[in-house]
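Trainee: To start, I am sharing the structure in question, which I have written as structure tokens.
There are 2 protein chains.
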Amino acid sequence: MAHPLTALEPALAETANFMDEAIASVLPEASGPEGRVIEAMRYAALGGGKRLRAFLALQCGRLFGVDRRAMGRVAAAIECVHAYSLVHDDLPAMDNDEVRRGKPTVHKAYDEATAILAGDALLTAAFGILASHETHPDPHVRCDLVVKLAGASGAHGMVGGQMMDMSAQTQDFDLGGITRLQRLKTGALIAFSCDAGAIMGRASREARHALAYYAQDLGLAFQITDDLLDLEGDPATLGKATAKDNTAGKATIVTLLGVERAREQAQRLAAQSVQHLEIFDERADLLRALSGFVVARRH
Amino acid sequence: MAHPLTALEPALAETANFMDEAIASVLPEASGPEGRVIEAMRYAALGGGKRLRAFLALQCGRLFGVDRRAMGRVAAAIECVHAYSLVHDDLPAMDNDEVRRGKPTVHKAYDEATAILAGDALLTAAFGILASHETHPDPHVRCDLVVKLAGASGAHGMVGGQMMDMSAQTQDFDLGGITRLQRLKTGALIAFSCDAGAIMGRASREARHALAYYAQDLGLAFQITDDLLDLEGDPATLGKATAKDNTAGKATIVTLLGVERAREQAQRLAAQSVQHLEIFDERADLLRALSGFVVARRH
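For the record, the sequence lines run as chains A and B. Counting in my numbering, the first sequence runs from 1249 upward without gaps. Counting in my numbering, the second sequence runs from 1249 upward without gaps.
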């Protein structure tokens, strides 16, 4: 594979800046006596994060010539869903995390009720953004985005994955179970991010399938690397607590395979993800480079 | 006004039955290791509740000849949103309620994490249902429903109202503030329920406006009656704890106006709501009767 990372890192940094503006422009401004929940939404969704999902959406949209501003709205909706999931996952009744992206989590910076409501409002806003006529002139495209996002983030998607993750504290999953957990918890939204670009660009069935396979392998490689970093990483670099899964005695792909085999598996998946992109020209080079990046990253 | 309640009560009972089937058919079946969250969704959304919002949606749809099965899907989506809001509002970090509709609340029957996730998944499902081609052949209609539901239930709608309600524990609102709180917390979704019938039936601007005014007055009359029942009602009949607002020292329209003036205000709003319906023929009679019902109800 070996696609150079030199072009990728500036592109990721540029996306992070672009997305802060894109997200800020689709979220309401804090006003009225309900402004507190809007402040908390903006606190959760702005100024941090790798914007991996937004990057995937924007790059996949670019493959099919999708207008960048419109794709930015879709990417913003996806980042709102990602942010909501982090806010709710961090709650005391879930993972009970106090630091996220180097800042106090929303329930620490505000309070639990505000965090629950800010998550709810971010999720709600995402669907409104996708269905708005500003996102795409064709309402079939907008409805398709809404249906697919609901599938990716609902009970048989991201929420189902978090449900399994909560059960993993008391229930032992085997490698198949953990793989399903990860596919639901993080894989589904990563896959939607790629699919959203294809939907916006009315991509061929072949191109959509290629991106779906790419996303599936990339998502799992990303997750295994996350688990490796959780085990070995430095909390200061990661901006969140580490070794939590291990302390909680929860199985991960890393604890089931061991560090070395898990690392090899992540590398293999990353290489495989690139192979699915062979039908695309050099406009997919940043996606190819991303596969190397997700397994090489230190945070 | 005095529209007879004799036809209304069987119609409400019939709607409650119809909706249990409609909601059951749009929610996923519990399966897979993530099945626990689906069980909790079904526990929260099925087998209880007045189905006031569904009734409004179905009756308003009927005014414009909307297919009842399709309207049932929209009404089911609305009831999912209502159910999610109750699940999250009942959480320990919010209103900390242990009984709802005569049953243990979701976080008591399951646990807090499952309740948060079940609420999230119900909200997510609602948008997927609305955007599905089964709901309406015209995707413009489906997108309009998604955009309007997102507005009614988000930060400047229901979630914003709940945010204000949480603030009301420490902050005194005057009558204008409380009215805004209620308009957001319960009024917005009640108004959307009526508007959804109009959207599905491509109603005229005039008819939509009439229903919007009807819903606004009805919603406030409903809320004042709720507050009166909270103060005076019997927990066994209501199926939930009572006198909570009063104990918590929270202002309501009832505490600000006093019981007698609040009761008069509810009656006045109910009568006024009926006046907005004068452009409709006898097909609006159940909506007219409902106005009397919401202020006369004992639970």
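For each residue, glycine too, the CB sits at the ideal point set by N, CA and C.
Less than 7 Å between the beta carbons of S1521 of chain B and L1466 of chain B, yes or no?
Mentor: As a first step, residue 1521 of chain B is located in the second sequence; it is residue number 273 there, counting from the start. As a first step, residue 1466 of chain B is located in the second sequence; it is residue number 218 there, counting from the start. Cβ distance < 7 Å, so S1521 of chain B and L1466 of chain B count as in contact.
Trainee: Would F1375 of chain B pass as an interface residue toward chain C - the criterion being a Cβ-Cβ separation below 7 Å?
Mentor: Any reference to chain C falls outside this structure, whose protein chains are A and B.
Trainee: Using a C-beta cutoff of 7 Å, does R1531 of chain A count as contacting chain B?
Mentor: Mapped onto the first sequence, residue 1531 of chain A falls at position 283. No, no contact with chain B.
Trainee: Span of the alpha helix (DSSP H) holding K1356 of chain B?
Mentor: Start at 1 with the first residue of the second sequence, and residue 1356 of chain B comes out as number 108. Counting along the chain, the alpha helix (DSSP H) containing K1356 of chain B begins and ends at 1354-1357.
Trainee: Please state the DSSP three-state secondary structure of R1321 of chain B.
Mentor: Position 73 of the second sequence, counting from 1, holds the residue named residue 1321 of chain B. DSSP places R1321 of chain B in helix when its eight states are reduced to three.
Trainee: What residue range is occupied by the uninterrupted alpha helix (DSSP H) comprising A1259 of chain B?
Mentor: Walking along the second sequence from the start, residue 1259 of chain B turns up at place 11. 1256-1274 is the span of the alpha helix (DSSP H), which, as asked, contains A1259 of chain B.
Trainee: Tell whether a beta-carbon distance below 7 Å holds between A1444 of chain B and R1456 of chain B.
Mentor: Counted from its first residue, the second sequence places residue 1444 of chain B at position 196. Counted from its first residue, the second sequence places residue 1456 of chain B at position 208. No; because the gap between Cβ atoms is not below 7 Å, this pair is not in contact.
Trainee: In chain order, what residues of the same chain have a beta carbon less than 6 Å from the beta carbon of F1421 of chain A, not counting five sequence neighbours either side?
Mentor: Taking the first residue of the first sequence as 1, we reach residue 1421 of chain A at position 173. So the list reads A1499, once near-sequence residues are dropped.
Trainee: Any C-beta of chain A sitting closer than 7 Å to the C-beta of E1382 of chain B?
Mentor: By 1-based counting over the second sequence, the position of residue 1382 of chain B is 134. So, not an interface residue.
Trainee: Quick check: what's the CA-CA separation for D1338 of chain A versus Q1471 of chain A?
Mentor: Numbered from its first residue, the first sequence carries residue 1338 of chain A at position 90. Numbered from its first residue, the first sequence carries residue 1471 of chain A at position 223. One C-alpha to the other measures close to 18 Å.
Trainee: Which residues in chain B have a C-beta closer than 8 Å to the C-beta of R1284 of chain A? List them in chain order.
Mentor: The residue given as residue 1284 of chain A occupies position 36 in the first sequence. The contacting residues are M1411, S1415.
Trainee: Going by DSSP in three states, V1314 of chain B sits in which element: helix, strand or coil?
Mentor: Indexing the second sequence from 1 puts residue 1314 of chain B at position 66. The answer is coil: DSSP assigns V1314 of chain B none of H, G, I, E or B.
Trainee: Going by C-alpha to C-alpha distance, which of A:Y1462, A:R1511, A:F1440 sits closest to D1475 of chain A?
Mentor: Here the question's residue 1475 of chain A lines up with position 227 in the first sequence. The residue with the shortest Cα to Cα distance from D1475 of chain A is A:R1511.
Trainee: For the alpha helix (DSSP H) containing D1413 of chain B, list its first residue and its last residue.
Mentor: The residue given as residue 1413 of chain B occupies position 165 in the second sequence. Start and end: 1406-1415.
Trainee: In the stretch 1305-1329 of chain A, which residues sit with their C-beta less than 7 Å from some C-beta in chain B, listed in chain order?
Mentor: none
Trainee: If you follow the alpha helix (DSSP H) that S1441 of chain A is part of, which residue opens it and which one closes it?
Mentor: Residue mapping note: residue 1441 of chain A aligns to position 193 of the first sequence, counting from 1. Segment 1436-1448, the alpha helix (DSSP H) holding S1441 of chain A.
Trainee: Reducing DSSP to helix, strand and coil, say where R1348 of chain A ends up.
Mentor: As a position in the first sequence, residue 1348 of chain A is number 100, starting the count at 1. DSSP places R1348 of chain A in strand when its eight states are reduced to three.
Trainee: So A1369 of chain A and V1354 of chain A are supposed to be a Cβ contact under 8 Å. How far apart are they, rounded?
Mentor: Locating residue 1369 of chain A in the first sequence gives position 121, counting from the first residue. Locating residue 1354 of chain A in the first sequence gives position 106, counting from the first residue. That belief does not hold up - the Cβ atoms of A1369 of chain A and V1354 of chain A are roughly 11 Å apart, past 8 Å.
Trainee: Closest Cβ-Cβ distance between M1448 of chain A and chain B: below 7 Å?
Mentor: The residue you call residue 1448 of chain A lines up with position 200 of the first sequence. Not an interface residue.
Trainee: Pull up the distance between the alpha-carbon of A1250 of chain A and that of A1544 of chain A, whole angstroms please.
Mentor: As a first step, residue 1250 of chain A must be located in the first sequence, where it is residue number 2. As a first step, residue 1544 of chain A must be located in the first sequence, where it is residue number 296. Residue confidence for A1250 of chain A is low, a pLDDT of 49 falling below 50, so the modelled location carries little weight; the figure read from the coordinates is stated next. So the alpha carbons of these two residues sit roughly 11 Å apart.
Trainee: For the 8 Å Cβ check, are there 3 or more pairs between the stretch 1376-1385 of chain B and the stretch 1390-1409 of chain A?
Mentor: Verdict: yes, contact present.
Trainee: Check the C-beta distance from I1364 of chain A over to A1341 of chain B and give it rounded, since I have them as a contact under 8 Å.
Mentor: Position 116 of the first sequence, counted from the start, is the residue given in the question as residue 1364 of chain A. Position 93 of the second sequence, counted from the start, is the residue given in the question as residue 1341 of chain B. Indeed, because the Cβ distance is near 6 Å, the residues count as touching under 8 Å.
Trainee: Which of the three DSSP states is assigned to R1299 of chain B in this structure?
Mentor: On the second sequence, position 51 is the one that residue 1299 of chain B refers to. Of the three classes helix, strand and coil, the one that applies to R1299 of chain B here is coil, per DSSP.
Trainee: What in chain B is Cβ-close to V1395 of chain A, meaning under 7 Å?
Mentor: Residue numbering aside, residue 1395 of chain A sits at position 147 when the first sequence is read from its first letter. In chain order: G1376, A1379, S1380.
Trainee: Quick check: A1374 of chain B and V1335 of chain B, are their CB atoms within less than 7 Å of each other?
Mentor: In the second sequence, residue 1374 of chain B corresponds to position 126, counting from 1. In the second sequence, residue 1335 of chain B corresponds to position 87, counting from 1. Cβ atoms of A1374 of chain B and V1335 of chain B: not closer than 7 Å.
Trainee: Could you check the C-alpha separation between F1440 of chain A and A1264 of chain B for me, to the nearest Å?
Mentor: Within the first sequence, numbered from 1, the residue matching residue 1440 of chain A stands at position 192. Within the second sequence, numbered from 1, the residue matching residue 1264 of chain B stands at position 16. Each residue's Cα considered, the two are about 36 Å apart.
Trainee: If contacts are defined as beta-carbon pairs under 8 Å, then L1505 of chain A and Y1462 of chain A qualify, I think. What distance do you get, rounded to the angstrom?
Mentor: Stepping through the first sequence from its first residue, residue 1505 of chain A is reached at position 257. Stepping through the first sequence from its first residue, residue 1462 of chain A is reached at position 214. No, L1505 of chain A and Y1462 of chain A are not in contact; Cβ-Cβ is about 22 Å, not under 8 Å.
Trainee: Hey, would you say the C-beta of K1498 of chain A is under 6 Å away from at least one heavy atom of the ligand MG?
Mentor: This structure lacks the ligand MG, and indeed carries no ligand of any kind.
Trainee: Decide if H1547 of chain A is buried, meaning its Cβ has at least 16 other Cβ atoms within 10 Å, or exposed.
Mentor: Along the first sequence, one-based indexing puts residue 1547 of chain A at 299. Burial state of H1547 of chain A is exposed, judged by a 10 Å Cβ sphere holding fewer than 16 other Cβ atoms.
Trainee: Is the Cβ of D1368 of chain B closer than 7 Å to any Cβ of chain A?
Mentor: Here residue 1368 of chain B refers to the residue found at position 120 of the second sequence. D1368 of chain B counts as touching chain A.
Trainee: To the nearest angstrom, report how far apart G1320 of chain A and K1298 of chain A are at their CA atoms.
Mentor: Within the first sequence, residue 1320 of chain A is the residue found at index 72, counting from 1. Within the first sequence, residue 1298 of chain A is the residue found at index 50, counting from 1. Approximately 15 Å between the Cα atoms of the pair.
Trainee: In angstroms with no decimal places, state the Cα-to-Cα distance between K1433 of chain B and I1271 of chain A.
Mentor: Position 185 of the second sequence, counting from 1, holds the residue named residue 1433 of chain B. Position 23 of the first sequence, counting from 1, holds the residue named residue 1271 of chain A. When rounded, the distance between both Cα atoms is 25 Å.
Trainee: Is DSSP giving M1289 of chain B helix, strand or coil here?
Mentor: Walking along the second sequence from the start, residue 1289 of chain B turns up at place 41. For M1289 of chain B, the secondary structure class from DSSP, reduced to helix, strand or coil, is helix.
Trainee: Ignore the nearest five residues each way along the sequence and tell me which others in G1280 of chain B's own chain have a CB closer than 6 Å to its CB.
Mentor: The residue given as residue 1280 of chain B occupies position 32 in the second sequence. There are no such residues.
Trainee: I need the straight-line Cα distance from L1535 of chain A to A1361 of chain A, nearest angstrom please.
Mentor: The residue labelled residue 1535 of chain A in the question sits at position 287 within the first sequence. The residue labelled residue 1361 of chain A in the question sits at position 113 within the first sequence. Spanning the two alpha carbons is a distance of roughly 39 Å.
Trainee: Give the DSSP-derived three-state secondary structure of L1553 of chain A in the structure shown.
Mentor: Look at the range of chain A in this structure, 1249 to 1547, and you will see that residue 1553 of chain A is not part of it.
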